[in-house]
Amino acid sequence: MSWKEMNLWMRLPHHPNIVPFDRVVVDELEGHLVGFTSNYVAGHNLEGNKSRVFKLKWLQQLIHVVDVLNLEHGIAHQYIAARNLLINEPEDAIMLFDFNFAARISCLSPGEGESYIEDRNDVKGVIFTIYEIITQDNSLRSVSHEDENLSNLKSKWVKHPEDRRPPSQWTTGMRGGSKS
135 MSWKEMNLWM
145 RLPHHPNIVP
155 FDRVVVDELE
165 GHLVGFTSNY
175 VAGHNLEGNK
185 SRVFKLKWLQ
195 QLIHVVDVLN
205 LEHGIAHQYI
215 AARNLLINEP
225 EDAIMLFDFN
235 FAARISCLSP
245 GEGESYIEDR
255 NDVKGVIFTI
265 YEIITQDNSL
275 RSVSHEDENL
285 SNLKSKWVKH
295 PEDRRPPSQW
305 TTGMRGGSKS
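If you're matching positions, the sequence shown starts at 135 in the numbering used here and goes up one per residue.
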């Protein structure tokens, strides 16, 4: 449990793609902060269900929530990974959680909680996470953030075996077409 994580997360305005902060847990006898809770989300994280077909609309939602955090709130999540992405099954929406490494982008020096680290930037986090989800290649997890490079990704991504759509349909949604 991190005071910085709790403090940053609880101050975020509601967003449909961020798991909501619920409450602070305090030891009634000692008055010490014990931890915090989040609202329950009916679903599973993307790491735990590798057979799930990843939907283009979830990618669009992830990009949107990262834009909101980075550009509107000046916050970098810095830990985007399949294990930190839940699928809210009733809403059919992706939800980001675990703000343990989150930092204000303007905080470049250590000492005031987590500082922003360019090597952990959210855009790179999205790219590597989507690569892992689509290809089911988790070999890059052993590469440090400092050594992650887009050239480490294979030039040809092998699609999920259950996705029977032709590749031409993958890009349709990126151009504003189908959102399936």
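Ideal Cβ positions, reconstructed from N, Cα and C, are used throughout, including at glycine.
To the nearest whole angstrom, what separates the beta carbons of residue 178 and residue 221, a pair I think is in contact under 8 Å?
6 Å
Could you check where the beta strand (DSSP E) with residue 220 kicks off and where it finishes?
219-222
Which runs of the beta strand (DSSP E), 3 residues or longer, sit entirely within the stretch 155-243?
155-160, 167-172, 219-222, 227-230
Does the Cβ-Cβ distance between residue 139 and residue 236 come in under 8 Å?
yes
Are the CB atoms of residue 219 and residue 230 nearer to each other than 8 Å?
yes
What is the DSSP secondary structure of residue 251, counted as helix, strand or coil?
coil
Residue 182: buried (16+ other C-beta within 10 angstroms of its C-beta) or exposed?
exposed
So, at 8 Å on beta carbons, what are the nonlocal neighbours of residue 197 in its own chain, with the 5 sequence-adjacent residues on each side left out?
260
Quick check on residue 263: buried or exposed, where buried means 16 or more other Cβ atoms within 10 Å of its Cβ?
buried
Buried versus exposed, by CB contacts within 10 Å (16 or more), residue 283:
exposed
Cβ-based neighbour list, residue 149, same chain, cut-off 8 Å, excluding 5 preceding and 5 following:
199, 202
Count the other CB atoms within 10 Å of the CB of residue 176; is the residue buried (16 or more) or exposed (fewer)?
exposed
Reference residue 172; option with closest CA among 152, 280, 224:
152
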